[in-house]
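Numbering of the sequence shown is given in the working numbering, commencing with residue 1204 and proceeding in unit increments. Don't be surprised by glycine CBs; every beta carbon is placed ideally from N, CA and C.
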Amino acid sequence: MGNKTDVWQGTLALMVLKTLERGGSLHGYGIARQIERTSAQVLSVNYGTLYPALLKLEQEGYIAAEWGVSDNNRKAKYYALTRAGRRRVAEETQAWEQISAILARFLSPGKECA
């Protein structure tokens, strides 16, 4: 695939939470790059949607933000999961796994479960 695909609406929050769960505290640029790396460069993270998503997750109490200094010695806002965020990751992961299993039945109808 030569073209990058935008992250689907409704999936960005889970991708952000999972990225922070795996990578620890990261700034917005680092989160975006990690999501793109995890997708093998297939997905493209739009900053116009990333930062509002980070703000929303922070307001909901799933992530906490703290100012720090980046690797290139610039001021950056770092985000980390909260306890509520860890619970949310577990809940959302379970829901996506269930949805994926259901969609798999539609995509491969000959392999339906009894």
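Please identify the residue among the options whose C-alpha is closest to the C-alpha of residue i.
i	options	result
L1229	P1255, W1270, Q1262	W1270
Y1265	P1312, R1240, R1291	R1291
G1233	E1295, D1274, G1288	D1274
R1277	A1216, L1220, M1218, G1231	G1231
R1286	E1263, P1312, L1310	E1263
Taking DSSP as the reference, what is the three-state secondary structure of residue i?
i	result
E1295	helix
E1239	helix
S1273	coil
S1247	strand
Y1254	helix
Y1232	helix
M1204	At M1204, the pLDDT of 41 sits below 50, so the modelled position is not reliable; the number obtained from the coordinates is stated separately. DSSP places M1204 in coil when its eight states are reduced to three.
A1304	helix
Taking the Cβ atom as the reference point for each residue, do residue i and residue j lie within a distance shorter than 8 Å?
i	j	result
Q1237	T1222	yes
L1253	A1235	yes
L1220	L1284	yes
Y1282	A1268	yes
E1261	V1248	no
Does residue i pass the burial test, meaning 16 or more other C-beta atoms within 10 Å, or should it be called exposed?
i	result
L1246	buried
G1288	buried
L1306	exposed
A1298	exposed
A1256	buried
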